[in-house]
Amino acid sequence: MGFRVWVLSILILHGVFARIGVAEGEGSHRTERISGSAGDVLEDDPVGRLKVFVYELPSKYNKKIVQKDPRCLTHMFAAEIFMHRFLLSSPVRTLNPEEADWFYTPVYTTCDLTRMDSPCL
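Count the sequence shown with this note's numbering and you get residues 330 to 450, in order.
Here it is, written out as structure tokens:
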């Protein structure tokens with residue numbers, strides 16, 4: 330997976346846990362929730378609270394890059410494309426930016442900035 334996907338994943342998880350802490354404390358000091366089983370954490374439904382707004386950009390920043398260089402779908406750059414596709418169909422997506430906790434800008438920079446004749450890493 331690409332470095333950006335790891336960073337985005339960490340940021341999303343941080344946002345989920347931060348919102349859980351705020352919701353439980355309702356403005357009071359933050360405390361960690363420690364429970365006996367992972368099932369307790371799942372009952373909180375953090376996905377129901379996390380909202381991500383995906384910007385609609387001109388296709389030259391994403392779709393046309395894939396058309397120009399199809400290796401983006403199978404090479405090490407695929408994480409950018411699959412993260413974008415995941416968010417478009419994810420229950421965390423919101424169409425209202427006022428509801429969003431996070432904002433995703435779908436620009437496939439890694440694939441676009443790497444030359445086609447570069448060696449594989």
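The beta-carbon is built from N, C-alpha and C at its ideal position, and this holds for glycine as well.
Under the three-state DSSP convention, the category residue i falls into
i      : result
PHE432 : strand
PHE406 : coil
Of the residues the options, the one placed nearest residue i, counting alpha carbons only
i      : options                        : result
THR439 : ARG378, PHE432, ALA407, LYS380 : ALA407
ARG378 : PHE432, LYS397, PRO420, PRO435 : PRO420
ARG414 : LEU386, TRP431, PRO435         : PRO435
Between the CA atoms of residue j and residue i - distance to the nearest angstrom
i      : j      : result
ARG422 : LYS380 : 6 Å
MET405 : LEU416 : 19 Å
TYR437 : ASN425 : 23 Å
PHE411 : CYS401 : 10 Å
GLU409 : GLU427 : 25 Å
PHE432 : LEU386 : 13 Å
SER418 : ILE341 : 16 Å
Contacting residues, own chain, Cβ-Cβ under 7 Å from residue i (five flanking each side not counted)
i      : result
ALA429 : LYS380, VAL381, PHE382, THR423
Close Cβ partners of residue i (< 6 Å) along its chain, the five nearest in sequence each way excluded
i      : result
TYR384 : THR434
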